[in-house]
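One structure is given below, encoded as structure tokens.
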Amino acid sequence: MSSIAIILITLAAAVVNGALGYGFSSITVPIALLFLSNRVLNPALVPIEVALNAHVLWVNRAALPLVVRRVTPVAIGLVPGVIVGTLIVARVSPAWLKLSTYIALLPLILLQAMGYRRPIDAEASAGAAFGGGVGVLYAVTTISGPPLALALNNQGFSKQEFRAALGFIRLAESGLTAVAYVAAGLYSRESAALIPWILPSVVIGVPIGAFVIRHVKAETFRRVCMSFDAWVVGFGISTLLRDMRVVDSAAAFSVLGAVIVIDAWLLYRYFSGPVSHPVRR
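Quick note on numbering: the sequence shown equals residues 28 to 308 in this note's numbering.
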């Protein structure tokens, strides 16, 4: 994968992260996995995610005391999930790991593109179990923004509280994963060589995203980003199904076709429908 491609992909992803408070891996991973394996890509992204999430939490630190008790069960649940996810990365074959990553991401991305909202009433009891699932997902894919946003978006948080909660959980998961990757021996020179090409994009892209989101509707920006992601993931699934000879080459791209149809319908429904607002409790 060329250095220019890495720079452009991560710059776009950093803009999204600066705008929404998450999305760096959600944009980077589906595209980069077309060229790299999880074992090379993940260890390069996790240290950068630690810094990004620390920045999000620091910027929104004033709201942390208001949310920390509500999200601590999720953070506790991350521990076993991250351990399981790290073992999966270390032991599962790269091709099947890529395919599993794409398949896990697709419904989450489409739910985001759909604008799905459902409040969680039993936060304390559900938090640890949810954290375990998120921990597995993050350690395998370095992505957790979509499920966390789905879980937190309708919990009555203000914008700053939402970002503080997101930053707290994501700093915990990225920090735990960084330690787990060291213990599993997943860091390599190949992964380290990617970091110098990614860092400048993050430094430039995050402030741009913060500026952009002040001038566009956040919900529209998020849905368009998730729609783009859905197309990339659909293409990734189709390509892997063909290359791994799981299905016939022509039939493999029916997955991409189905994703395009579903996403086009979701975008049409959003842009042609009445303006809706998330429910606040």
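Beta carbons: idealized from backbone N, C-alpha and C, even for Gly.
Taking the straight line between their C-alpha atoms, what separation do you get for L137 and V67? A direct Cα-Cα distance of roughly 27 Å separates L137 from V67.
DSSP three-state call for V243: helix, strand or coil? Of the three classes helix, strand and coil, the one that applies to V243 here is coil, per DSSP.
DSSP state of V271, grouped into three classes? Inspection of the sequence shows that residue 271 is occupied by Met rather than by Val. M271 falls in the coil class under three-state DSSP.
Limits of the unbroken alpha helix (DSSP H) element including Y208: In this chain, the alpha helix (DSSP H) harbouring Y208 covers K186 to A211.
Would you mind sorting D270 into buried or exposed? The rule is 16 or more other CB atoms within 10 Å of its CB. It counts as exposed.
First and last residue of the uninterrupted alpha helix (DSSP H) at S29: Where S29 is concerned, there is no enclosing alpha helix (DSSP H), given that its DSSP letter is neither H nor E.
Rank Y129, V109 and L124 by C-alpha distance to the C-alpha of G263 and give the top, closest one. When C-alpha distances from G263 are compared across Y129, V109 and L124, the shortest belongs to Y129.
Quick check on D275: buried or exposed, where buried means 16 or more other Cβ atoms within 10 Å of its Cβ? Burial call: exposed.
If you follow the alpha helix (DSSP H) that Q139 is part of, which residue opens it and which one closes it? If you look at Q139, you'll find it in the alpha helix (DSSP H) that goes P121 to M141.
Give the DSSP-derived three-state secondary structure of N65 in the structure shown. N65: helix per DSSP, three-state reduction.
Report the residue from N87, H82, L294 and L283 whose alpha carbon sits nearest the alpha carbon of C252. When each option's Cα is compared against that of C252, the closest is L294.
Unbroken alpha helix (DSSP H) runs of length 4 or more, entirely within the stretch 49-119: which are they? Taking 4 residues as the minimum length, the alpha helix (DSSP H) runs contained wholly in the stretch 49-119 are 51-59, 65-86 and 91-118, in order along the chain.
Would you tell me roughly how many angstroms separate the C-alpha atoms of P100 and G50, rounded to the nearest one? One alpha carbon belongs to P100, the other to G50, and they sit about 23 Å apart.
Using beta-carbon positions only, say whether S52 and L38 come within less than 7 Å of one another. Their beta carbons are not under 7 Å apart, which means S52 does not touch L38 by this criterion.
Where I170 sits in the DSSP three-state scheme: The answer is coil: DSSP assigns I170 none of H, G, I, E or B.
Can you find at least 3 beta carbon pairs, one from the stretch 93-108 and one from the stretch 155-171, that sit closer than 8 Å? Output reads yes: the stretch 155-171 touches the stretch 93-108.
Mind reading off the beta-carbon distance from I222 to P74? Whole number of angstroms is fine, and I expect it under 8 Å. Between P74 and I222 the Cβ distance is about 7 Å, and since that is below 8 Å, they are a contact.
For the putative contact between S81 and G236, defined by C-beta atoms under 8 Å, what is the C-beta separation to the nearest angstrom? Correcting the residue type first, residue 81 is Ala in the shown sequence and not Ser. Incorrect: roughly 17 Å between the Cβ atoms, too far for contact.
Residues in the same chain with beta-carbon distance under 7 Å from Q110, minus the five sequence neighbours each way, listed in chain order, please. Residue identity differs from the one stated: residue 110 is Ile in this sequence, not Gln. Cβ within range, chain order: A207.
Whole-angstrom distance between Y214 and W224, CA atom to CA atom: Linking W224 to Y214 through their CA atoms gives a straight-line distance of about 17 Å.
What separation, rounded to the nearest whole angstrom, lies between the Cα atoms of L164 and S120? Going by the C-alpha atoms only, they are around 17 Å apart.
May I ask which residues mark the beginning and end of the alpha helix (DSSP H) holding G284? G284 -> alpha helix (DSSP H) spans S281 to S299.
Under 7 Å, do L198 and L84 count as touching if we go by C-beta distance? Taking 7 Å as the cut-off, the beta carbon of L198 is found closer than this to the beta carbon of L84.
Simplified DSSP state of S254, which is helix, strand or coil: In the structure shown, the three-state DSSP call for S254 is helix.
Could you name the residues of the same chain whose beta carbon sits closer than 7 Å to that of S171, not counting the 5 residues immediately before and after it, in chain order? Excluding residues within five positions, the ones whose Cβ falls inside 7 Å are V161, L164, Y165, R197 and E200.
For P134, count the other beta carbons within 10 Å of its own beta carbon; 16 or more makes it buried, fewer makes it exposed. Which is it? Flag for P134 reads exposed.
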